[in-house]
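So the structure is just underneath, and the comments pick up after that.
Numbering (the working numbering), first residue to last: 308 to 722.
See below:
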């Protein structure tokens, strides 16, 4: 069975859909698509009907491209006011051969969170730090033998209203939610490596309307916070300063501006009409100064937030998100944080843009979760899997459907 998963990252600007096959700890992208977000503000659902339509539109594009119907997804939920708690659980193995099964793992994880979830909060996940079999540490306990299974992990919960609003629009779009997570978890699973897994660090994800700051200890998320600033604030700054519409401001930010005034072309000019209909000339110096000021503010706030989230010494900082794609971004970051900071570059074939970091990481997180629990799981059935491997089979499937339909008509007529 191939492990084919679909993730949906709900952003304020766009909703990212990624379908991939997980193989040897890598995601082979089958298709990635972004749909203009509607009914979503600062990561929260403000108009469910608009949000449902946006999800439907996006999944329709994915289905048409792949030739199958995506039914199950892992989706991100807002991490506002998320809580993180160290939990432990223990269970006796009842199998006569003392063989640890998937059911035992699920049982010990449920035991670890029993009576620990705050009122008006809902469980997102438990990230195991370590399993213990008869007191001995184990990372993948399924299939091992022992009398007692224990778990130590981090329980992540969030307000019910934030979770249920996402589950509701997924149901409205006709999708079954296989799992939920938060962006900070997805981000780490995408950028992680053996070195980061042993250290304390932080990830800054600079998005459209918000910037997420998360801290980690030896590969496990410990806390997260959202700063109410992002790329759209730069758009607003440019629109206000030059009296242009917001759409032109965004194009200027993405195609013309630089993040650092030392990395500009002095003679480059951008022609644009202001709101009065007059054509004006913008040079890179004046545009970049505005962009640079706002990015400096965002990064300085993120740095302060890291210090508020943890008192431990930070060994690494990774920066990702759509805003990192702006020209000379790393040069400005090095000036603020020093050259030890990592500007993550999403290099997975099919999603080579940092705006997909969270969505790809969510697939890796879900795949790892299934492996840890000893489950063989795919979000598509055998028939659809065969269609993805051999698209020519789609014609056969369609002909079979048509034959069945006509057969049904004929049978009804004869009756």
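In this text, a Cβ means the ideal position worked out from N, Cα and C, and glycines have one as well.
Given a cut-off of 7 Å on the beta-carbon distance, is the pair residue 571 and residue 565 in contact?
As a first step, residue 571 is located in the chain shown; it is residue number 264 there, counting from the start. As a first step, residue 565 is located in the chain shown; it is residue number 258 there, counting from the start. Result yes, Cβ atoms of residue 571 and residue 565 sit closer than 7 Å.
Please specify which runs of the beta strand (DSSP E), each continuous and at least 3 residues long, are wholly inside the segment 555–612, giving them in chain order.
576–580 and 586–590
Just to check my reading of the structure: residue 382 and residue 473 have Cβ atoms closer than 8 Å, yes? What is that Cβ distance to the nearest angstrom?
Taking the first residue of the chain shown as 1, we reach residue 382 at position 75. Taking the first residue of the chain shown as 1, we reach residue 473 at position 166. Indeed, because the Cβ distance is near 6 Å, the residues count as touching under 8 Å.
Do residue 453 and residue 440 come within 7 Å of each other at the CB atom, strictly closer than that value?
By 1-based counting over the chain shown, the position of residue 440 is 133. By 1-based counting over the chain shown, the position of residue 453 is 146. In this structure, residue 453 lies closer than 7 Å to residue 440 by Cβ.
Measuring alpha carbon to alpha carbon, tell me which residue in 476, 597 and 489 is nearest residue 666.
Counting from one through the chain shown, the residue named residue 666 turns up at place 359. Looking at the Cα atoms, 489 is the closest of the given residues.
Check whether the segment 623–636 and the segment 647–655 are in contact - that is, three or more C-beta pairs closer than 8 Å.
yes
Which residue spans inside the segment 615–653 form an unbroken beta strand (DSSP E) run of at least 3?
623–627
7 Å Cβ shell around residue 427 - same chain, five flanking residues per side excluded:
Translated into positions along the chain shown, residue 427 becomes position 120. Counting only Cβ-Cβ distances below 7 Å, and skipping sequence neighbours, we find 466 and 467.
Looking at the strands, I want to know which residues DSSP matches up with residue 322.
Numbered from 1 along the chain shown, position 15 holds the residue referred to as residue 322. Note: residue 322 sits in a beta bridge opposite 317 and 342.
Spatial neighbours of residue 313 in its chain, beta-carbon cut-off 6 Å, leaving aside the 5 residues before and after:
For this step, residue 313 is matched to residue 6 along the chain shown. Only 326, 377, 380 and 686 meet the Cβ criterion.
How about residue 516 and residue 349: do their beta carbons lie closer than 7 Å?
Counting from 1 along the chain shown, the entry for residue 516 is found at position 209. Counting from 1 along the chain shown, the entry for residue 349 is found at position 42. Contact: yes.
Under the DSSP definition of a beta bridge, which residues are partnered with residue 519?
Sequence index remark: in the chain shown, residue 519 carries index 212 (1-based). DSSP, once it has assigned bridges, lists 512 and 533 as partnering residue 519.
Closest by CA to residue 492, which one among 658, 433 and 342?
On the chain shown, position 185 is the one that residue 492 refers to. The shortest C-alpha separation from residue 492 is found at 433.
DSSP three-state label for residue 359, please.
Numbered from its first residue, the chain shown carries residue 359 at position 52. Residue state, collapsed to three classes: helix.
Between the segment 497–517 and the segment 616–627, are three or more C-beta pairs nearer than 8 Å?
yes
Please report how far the alpha carbon of residue 344 lies from the alpha carbon of residue 395, in whole angstroms.
Numbered from its first residue, the chain shown carries residue 344 at position 37. Numbered from its first residue, the chain shown carries residue 395 at position 88. Roughly 39 Å between the two C-alpha positions.
Distance check for residue 563 and residue 425, CA to CA, integer angstroms please.
As a position in the chain shown, residue 425 is number 118, starting the count at 1. As a position in the chain shown, residue 563 is number 256, starting the count at 1. Approximately 48 Å between the Cα atoms of the pair.
Would residue 341 be called buried (16 or more neighbouring beta carbons within 10 Å of its own) or exposed?
Locating residue 341 in the chain shown gives position 34, where the first residue counts as 1. Per the 10 Å Cβ criterion, buried.
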